[in-house]
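Protein chains in written order, with the numbering used here: chain A, 1 to 307; chain B, 308 to 549. Worksheet: the structure to be examined is printed underneath.
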Amino acid sequence: MDVLNWAVWVKDLKKRYGDVKAVDGISFGVSPGEVFGMLGPNGAGKTTAIEIILGLRTADSGDVRVLGMTHAQNHREIASAIGAQLQTTGMYPAHTVREMIQLFSDFYSEAAPVDELMDVVGLREKAGALVKNLSGGQRQRLAIAIALVNRPSVVCLDEPTTGLDPQARRALWDLILSLKASGTTVLLTTHYMEEAEQLCDRVAIVDQGRIVEMDSPAALINRYFKHIAIEFEAPPGAEVDPDVLRSLPGVGNAVLDSGKVTLYSSDVPATMSSLLGAASHALRHMVVRQATLEDVFLKITGRSMRQ
Amino acid sequence: MKSVWAIYRANLREYARNPAVMAFTVVMPLLLAVFLSLIMGNQEFFTIDYYLPNMLGISLMWLGVFATAQPLVEQREQKIFRRMAVTPLSRQSMLWGQVLFRVSVGLFQAAIFLVAGRIGFGVRVQGSWLLLLGATVMGALVFVTLGYVLAGLSRSQEAAPVVAQPVQMGMMFLSGTLLPAAMLPAGVRAVVRAIPLTYVADALRQTVSAVPPMFPLWVDFAAMAGWIALFFALSVKLFRWE
Chain A
1 MDVLNWAVWV KDLKKRYGDV KAVDGISFGV SPGEVFGMLG PNGAGKTTAI
51 EIILGLRTAD SGDVRVLGMT HAQNHREIAS AIGAQLQTTG MYPAHTVREM
101 IQLFSDFYSE AAPVDELMDV VGLREKAGAL VKNLSGGQRQ RLAIAIALVN
151 RPSVVCLDEP TTGLDPQARR ALWDLILSLK ASGTTVLLTT HYMEEAEQLC
201 DRVAIVDQGR IVEMDSPAAL INRYFKHIAI EFEAPPGAEV DPDVLRSLPG
251 VGNAVLDSGK VTLYSSDVPA TMSSLLGAAS HALRHMVVRQ ATLEDVFLKI
301 TGRSMRQ
Chain B
308 MKSVWAIYRA NLREYARNPA VMAFTVVMPL LLAVFLSLIM GNQEFFTIDY
358 YLPNMLGISL MWLGVFATAQ PLVEQREQKI FRRMAVTPLS RQSMLWGQVL
408 FRVSVGLFQA AIFLVAGRIG FGVRVQGSWL LLLGATVMGA LVFVTLGYVL
458 AGLSRSQEAA PVVAQPVQMG MMFLSGTLLP AAMLPAGVRA VVRAIPLTYV
508 ADALRQTVSA VPPMFPLWVD FAAMAGWIAL FFALSVKLFR WE
């Protein structure tokens, strides 16, 4: 695909602060209408990359195209066409929700109706509330509404669900999926694996300023895990020998970690029946689950996301 | 144009809904004018005619400190300008909206002072209304541009008062607005001429109540124009949106 056809395209992006390489050669393209996620722990360089794409920072080297345009030549055209929710969205504290959305609407030649935006993020009944009196989650939803005032064709969301309660998070996922259904391109960052799996057509796993893997969530999981995970609590007092567990039929690997046993099995029925037959104690808290992006991240980087 | 007015309105709202800033820019200087004229009023011409324009000058200075430098630093820390940088709003529109808003606050302050002076003390404008308007706008611009310089010098919200207070206190005492310049020690009197507030207050005194001038009016206007140019150049060098 030609450079001009990508909604967002970056090539060999680099940015360093002193000795720290915040972004160390990132390249990817987001096709129109795609939901693309940058997934990685805090400090991986996701925010720096997003800010360069938005034109808030300049890269030390590399190319950025948004809708085929560069910030150097077409910053205002890019700004008119994109929407952004930054990690901190600055707002006037003595403004109401309605006034804040109206203010940002006035910066664009065309804007969505304020009432519609408040409905979309579920803030209609807070229309007259002052920004300084909003909860963290309400503020975050207002930031999302502001990101959508110009009906953008590309939306960049930096950690959009951080600080939201589970219900508001679900609502935002639905919103992102409805944006996708209407053909909007979404570029988001997150450190929630589940979020990336639920929303993203493709994810780039970012670690220490580099993309270590990039594909659809399902493809990544399949590539790294042909096995299904069987977890249970090690019976208290009983000797658990991982070597014995590894010799059970179908088991590719067995991990004993702080009282929790995880078997990775390619043949769950066979593994389960021999495991249950061999067990001299009741196996408590048993869970059989698919491998997740969390497992992929752990396997690629050797570190857990939350470290 | 639409975005200039959007910024103008937004700043006006924040100002009107902040009682502390309103108090500093309007109520306090007005009370000071009344209070000082009552204490000093028995000494020849240190009456309300003297203190009303002086305190208008000080209120314009507080417009520069409490309604310019301080909120600019706060809004920078709240990352408001940063968010706006991701919209088509240009920096020039943002600046025009902010400056127009502050000049109109200056005019609002002048109106309040003149009405209060007229009703409370029978002070009538003695000079030309046009020159008074010019002196108010120029005076406001002197301190608004100074506000951008102070905001540029303040690295954080906590640092803003540390930077601004010595500047505004020094000006208040050394400009002959609070205490008559004649009461200052001879050595300090030379400093009076180096202080922007001196010229702003002198221009306001001459146009409001025809108090004997320190300088010819054109000197006041020339000095204000000079300070505006200097502070503008400094703020271009020092002020940061982020």
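By construction, the Cβ of each residue, glycine as well, lies at the ideal position given by its N, Cα and C atoms.
Using 8 angstroms as the threshold, is the region 159 to 174 of chain A in touch with the region 8 to 26 of chain A, meaning 3 or more CB pairs across them?
-> no
Could you tell me whether any Cβ in chain A is nearer than 8 angstroms to the Cβ of Gln-385 of chain B?
-> yes
Of all the CB atoms in chain B, is at least one closer than 8 angstroms to the CB of Glu-99 of chain A?
-> yes
Would Ala-609 of chain B pass as a contact of Arg-409 of chain B if the rule is Cβ separation under 8 angstroms?
-> Any answer about residue 609 of chain B is impossible in this case: the structure gives chain B only from 308 up to 549.
Identity of the residues DSSP links to Gln-290 of chain A by a beta bridge | A:Ile-228
If contact means a Cβ-Cβ distance below 9 angstroms, which residues of the region 392 to 403 of chain B contact chain A?
-> Ala-392, Val-393, Thr-394, Pro-395, Leu-396, Ser-397 and Ser-400
Look at Ala-458 of chain B and Val-380 of chain B and say whether their C-beta atoms are less than 8 angstroms apart.
-> yes
Interface positions of the region 71 to 89 of chain A facing chain B (Cβ-Cβ less than 8 angstroms), listed along the chain | Arg-76, Ala-79, Ser-80, Ile-82, Ala-84, Leu-86, Thr-88 and Thr-89
Which bits of chain B does Tyr-17 of chain A rub up against, with CB to CB less than 7 angstroms?
-> Within chain B, no residue comes near Tyr-17 of chain A; the closest Cβ sits about 15 angstroms away, beyond 7 angstroms.
Would you grab the beta carbon distance between Ile-52 of chain A and Val-66 of chain A for me? Rounded to a whole angstrom, and I think it's under 8 angstroms.
-> The Cβ separation is near 11 angstroms, so there is no contact.
Evaluate contact between the region 152 to 160 of chain A and the region 181 to 192 of chain A, counting only Cβ atoms and requiring at least three cross-stretch pairs below 8 angstroms.
-> yes
At a Cβ threshold of 8 angstroms, is Ala-463 of chain B touching chain A?
-> Note that residue 463 of chain B is Ser in the sequence shown, not Ala. Output row for Ser-463 of chain B: interface = no.
Interface flag, Ala-129 of chain A vs chain B, CB-CB below 8 angstroms = no
Of all the CB atoms in chain B, is at least one closer than 8 angstroms to the CB of Phe-232 of chain A?
-> no
Return the first residue and the last residue of the beta strand (DSSP E) that Leu-256 of chain A is part of.
-> 251 to 257
Exposed or buried, what is Gln-307 of chain A when buried is set at 16 or more other beta-carbons lying within 10 Å of its beta-carbon?
-> Summary for Gln-307 of chain A: the model assigns pLDDT 47, below 50, so the residue's position carries little reliability; its value from the coordinates is reported in the next sentence. Exposed, since its Cβ has fewer than 16 Cβ neighbours within 10 Å.
Would you call Ile-101 of chain A buried or exposed, if buried means 16 or more other Cβ atoms sit within 10 Å of its Cβ?
-> buried
When DSSP labels each residue in this structure, what does Glu-239 of chain A get in the three-state scheme?
-> coil
Reference Val-432 of chain B; option with closest CA among B:Leu-541, B:Leu-359 and B:Pro-523 | B:Leu-359
Val-203 of chain A, buried or exposed, once every other Cβ within 10 Å from all chains shown has been counted against 16 = buried
Is the Cβ-Cβ distance between Leu-39 of chain A and Leu-293 of chain A less than 8 angstroms?
-> yes
Given that a residue counts as buried once 16 or more other Cβ atoms are within 10 Å of its Cβ, and exposed if not, what is Val-97 of chain A?
-> buried
Do Leu-177 of chain A and Leu-199 of chain A have their CB atoms nearer than 8 angstroms?
-> yes
As assigned by DSSP and simplified to three states, the class of Lys-386 of chain B = coil
Who are the neighbours of Tyr-192 of chain A on chain B, taking C-beta pairs under 7 angstroms?
-> Going along chain B, no residue has its Cβ under 7 angstroms from Tyr-192 of chain A, so there is no contact; the nearest lies around 23 angstroms.
Which runs of the alpha helix (DSSP H) fall wholly inside the region 480 to 542 of chain B and span at least 4 residues, in chain order?
-> 493 to 499 and 503 to 515
In its own chain, which residues sit with a C-beta less than 6 angstroms from the C-beta of Asp-201 of chain A, not counting the 5 before and 5 after it?
-> Glu-34 and Val-35
Residue-chain proximity (Ala-317 of chain B, chain A), Cβ-Cβ < 8 angstroms | yes
Taking only beta-carbon atoms, is Gln-307 of chain A less than 8 angstroms away from chain B?
-> Low confidence applies to Gln-307 of chain A: its pLDDT is 47, below 50, so where it sits in the model is not reliable, and the reading given next is rough at best. No, no contact with chain B.
Identify the contact partners of Arg-390 of chain B in chain A, using a Cβ-Cβ distance below 7 angstroms as the criterion.
-> Leu-86, Thr-89 and Gly-90
Straight-line Cα distance separating Phe-480 of chain B from Gly-494 of chain B | 14 angstroms
Can you name the residues of chain A whose CB is closer than 9 angstroms to the CB of Ala-313 of chain B?
-> Gln-102, Leu-103, Phe-104, Ser-105, Asp-106 and Phe-107
Would you mind sorting Trp-436 of chain B into buried or exposed? The rule is 16 or more other CB atoms within 10 Å of its CB.
-> exposed
Rounded to whole angstroms, what's the CA-CA distance from Arg-289 of chain A to Met-214 of chain A? Just pull it up for me.
-> 23 angstroms
For Met-69 of chain A, the residue or residues it bridges with in DSSP | A:Val-66
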